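Report on one structure; see the data block that follows.
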Amino acid sequence: MRKLLAALLVFIVIGSTALASQTIQPASLKLDKMERFEQVRDINEVIAEQDQLCKRAIAQYENEDYTPLAEPVHYSILWLGYTDVYYGDLRFQMTDFDKEYLTAVTLNFEKSVERITDHNLDISIDLRFISDTRALTKDDYGQWLYLAKDTVRTDIDKYLSSKGYDTVLTTVQTDGWENYQRNVNIPGYDVHYVILGLETAGITDDIGYSTFLLGEPIEGTYPLQDPEIPSLYATAIAVHEWMHQLEPLGTLLGIEYPNTHAYVGEKEFPGYSAFEADKNNYDFFEFYELVLQGKLPYNDHGTIKHVGVYPEMWPLVKHNALSLGDYAIVNAKGEYLAPLLAWTNLTLSREMHLWHLKDANDNRVIFESCDYPEYRIDLENAWDAEGNNVNIQVDTGYIEAQSWFVTLNQDDSSCIRTAYGSGRALSIDTIGGEATIRFTYGEPRDSQKWYFFRAKQ
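Just so it is clear: in the sequence shown, position 375 is 397 by my numbering, and no numbers are missing.
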C-alpha cells in the first residue's frame, strides 16, 4: 500500500483498518477535544449495514406487512415555546394561560401519535420556554411571518449539545386579547400574520425543524379530556407540520409516499381521495392517522396500494439514522477533498475537512460538509457527461445528482462515482482545481483515487 497522507497521518499502523497511532487536531473542525481516525478500506461494508434498514422498510411496503417492531423506536423531540417575538414594531407574547395550553398540546401530541402508530414510536418531549426576544421572518412569497430556524439556531444548538434530539418544533403565539391590545394601533397589524405552520427541514437535513402558531383552543376542547385523542386544534397543526418532515421517505426508499396535503384529493394529488375536515375540530386527522399507519389508499391506475409509514420505516426517521460517520477523504498526496464555499466549488485543500456521509439506499452515499451541513456534493445540473463539474449545493431533491457510489480499486483506494449508468468518477487534479466527472478507462488515474478515514466517536 502506497504511503499516504503526510498531512493527515504521518503515522499509520498497517492492517485491515489501519488505526492512527496518536490523535490529530483537525484544522477546520471546531472540537473540544482531538479526534482519532481509522482508515476504512471499503466504505461499502459500512453502507451495507445501514442499507438493511431501508431494505426491511421496502419489504414491508411491498408486501403491505404491518408486523410491529420488536422494540419501539425511541423518538425525542425538543419543543421550544417562544414567549416574546416581534416583527418591526409588532410584538407578540405568550400569557401564562398560553403556556399551560402549549403544555397540554405537547402531551396530546405525544400520547395520540404513540397510539396512532400502534406504539411503534415511544415519544419523549422536552418542552422549554424561551423568554429572550426573537425576531420573526417574513416569507419571501407573501406577508406571512414565521420563526426561522436560523434565527433560533443558537437556542437549538444549546440543547442539542446536551442531549440527542431527533427533531425540533417551535411555537409562537400572536392570538389573544393581550396581543390584540398591544398591536392593534401599530402599522402592519392585520397585514402581517404568523403562518399557521411551516416545515423547513426534514429527516434528511441536519435536524428536522417545524414551527407553528399556537392559537386559542376551540370552545369545548380544553381542558384536555383524553391525551390519546387529538382533540386540540394546535395538536393537529403540530402533527401536520411534523409529518412534512417525514416526506423524504418516499425519495429515500424509491416508493410512493403521500404529500401531507394530499387530503385535498385527486385534483392536486392524482391517485388520492379527498378528505373533509373532521367534525370534532381535529382538522384532517382521519387522513393523518392513515398516513402514520401506512394505510392510506393510493389508486395507481386502478390498483389500490396502501401508503404511508410502515412500522419498519420508523427507525429511518430518527436523527442521523442513516449516518455512516464523519470522514476525512484524501488523495495519495495527502490532499483533502474540501468545499470552497465562496463559489460553491468542490476542490482539494491542504487543510483538513470532514464530510458527514449518509446512506442514500441502494449502496449510494450522500456527502455533506461537516463545517457547512446544509451543503452536499452535487453533480451540476444533474448532467452525466464527460467533464461536467461537481460542486456543492443545498438539498435540491434530485437524489441521483446528490448521491454517489464508492467503488474499491485494486490498490485499496476508492473511486467516487455518479449514481447514473456511466459510472464516471470524481476527478480533481490540483489544489484549488475544479472537480469534474470522467471515465476511468480501466485503472483510475491518481486524480480519481481517494482514501477514507473515519473520525472515531
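For every residue, glycine included, the Cβ atom is placed at its ideal position computed from N, Cα and C. Bear in mind that the values here come from a model prediction, so they are computed numbers and not experimental data.
Pairs of beta-carbons, one from the segment 269 to 287 and one from the segment 156 to 167, closer than 8 Å: are there three or more? Flag = no, the segment 269 to 287 and the segment 156 to 167 do not touch.
Following the continuous beta strand (DSSP E) through Cys437, name the residue where it begins and the one where it ends. 436 to 440 is the extent of the beta strand (DSSP E) around Cys437.
Could you compute how far the alpha carbon of Leu129 sits from the alpha carbon of Tyr304? If I take the Cα positions, the gap works out to 15 Å.
Tell me, which residues are paired with Asp417 by DSSP? Its beta-bridge partners do not exist; DSSP assigns none.
Which residue comes first and which comes last in the alpha helix (DSSP H) that contains Asp73? Per DSSP, Asp73 belongs to the alpha helix (DSSP H) from 65 to 85.
Sequence-distant residues of the same chain with beta carbon closer than 6 Å to Thr226, five excluded per side: For Thr226, where only same-chain residues beyond five positions count, the Cβ hits under 6 Å are Pro270.
Determine the closest residue to Pro292 out of Ala284, His266, Asn142, with distance taken between C-alpha atoms. Comparing C-alpha distances from Pro292 to each of Ala284, His266, Asn142 shows the shortest one belongs to Ala284.
What number of angstroms, rounded off, separates the C-alpha of Lys77 from the C-alpha of Tyr88? One Cα belongs to Lys77, the other to Tyr88, and the distance between them is close to 15 Å.
Since Leu9 and Thr233 are thought to touch, with beta carbons under 8 Å apart, how far apart are those beta carbons, to the nearest angstrom? Because the chain here runs from 23 to 479, residue 9 falls outside it and cannot be looked at.
Beta-bridge partners of Asp248, as assigned by DSSP: Its beta-bridge partners do not exist; DSSP assigns none.
Can you list, in chain order, the residues of its chain whose CB lies under 7 Å from that of Pro94, leaving out five sequence neighbours each side? Closer than 7 Å at the Cβ level, and outside the excluded window around Pro94, lie His141, Asn142, Leu143, Asp144.
First and last residue of the alpha helix (DSSP H) that includes Tyr181? That run of the alpha helix (DSSP H) goes 175 to 182.
Using a 10 Å radius around the Cβ and a threshold of 16 neighbouring Cβ atoms, would you call Leu236 buried or exposed? Buried is the call here.
What first and last residue would you give for the beta strand (DSSP E) that runs through Tyr310? Taken as a continuous stretch (DSSP letters only), Tyr310 belongs to no beta strand (DSSP E), being part of the alpha helix (DSSP H) at 307 to 314.
Can you check DSSP and say which residues form a bridge with Leu149? Per DSSP, the beta bridge partners of Leu149 are Trp101.
Secondary structure of Phe461, DSSP reduced to three states: The answer is coil: DSSP assigns Phe461 none of H, G, I, E or B.
Status (buried if at least 16 other CB within 10 Å, exposed otherwise) for Thr189: Buried, by the Cβ-count rule.
In the DSSP assignment, what residue or residues form a beta bridge with Val329? Leu318.
Let's see if you can read the secondary structure: which residues bound the beta strand (DSSP E) around Leu401? It spans 398 to 401 - the beta strand (DSSP E) in which Leu401 sits, taken as one unbroken run.
Please name the residue in Asp172, Asp64, Phe59, Ser469 whose C-alpha comes closest to that of Lys355. When each option's Cα is compared against that of Lys355, the closest is Ser469.
Spatial neighbours of Gln82 in its chain, beta-carbon cut-off 6 Å, leaving aside the 5 residues before and after: Only Tyr332, Glu334 meet the Cβ criterion.
Taking the alpha carbon of Arg63 as the reference point, which residue from Arg467, Val352, Trp405 has its own alpha carbon closest? Nearest option by C-alpha distance: Val352.
For Ile6, count neighbouring C-beta atoms within 10 Å of its own C-beta (all shown protein chains included) and say buried if the count is 16 or more, exposed if not. Lying before the first or after the last residue shown, residue 6 is absent from the chain, which here runs from 23 to 479.
Could you give the first and the last residue of the continuous beta strand (DSSP E) run that contains Trp166? Here the beta strand (DSSP E) through Trp166 covers 166 to 168.
For the beta strand (DSSP E) that contains Trp426, what are its first and last residues? Boundaries of the beta strand (DSSP E) harbouring Trp426: 426 to 430, taken from the DSSP string.
Measure the alpha-carbon distance for Asp73 versus Asn207 and round it to whole angstroms. One C-alpha to the other measures close to 58 Å.
Verify whether the separation of the beta carbon atoms of Thr325 and Ile421 is less than 8 Å. Thr325 places its beta carbon 8 Å or farther from that of Ile421.
State the Cα-Cα distance for the pair Leu430 and Tyr473, rounded to the nearest angstrom. If I take the Cα positions, the gap works out to 10 Å.
Closest to Ala447 by C-alpha separation, out of Asn410, Thr418, Glu311, Gln415, would be which residue? A check of alpha carbon separations from Ala447 across Asn410, Thr418, Glu311, Gln415 identifies Asn410 as the nearest.
Any idea which residues DSSP pairs Gly230 with across the strands? For Gly230, which the question treats as bridged, DSSP gives the partners Thr189.
Burial state of Leu75, where buried means 16 or more other Cβ atoms lie within 10 Å: Under a 10 Å Cβ-count criterion, Leu75 is classified as buried, with 16 or more other Cβ atoms of the shown protein chains found around its own Cβ.
Give the straight-line distance between the Cα atoms of Ser146 and Tyr187, rounded to the nearest whole angstrom. Near 10 Å, if we compare the C-alpha coordinates of Tyr187 and Ser146.
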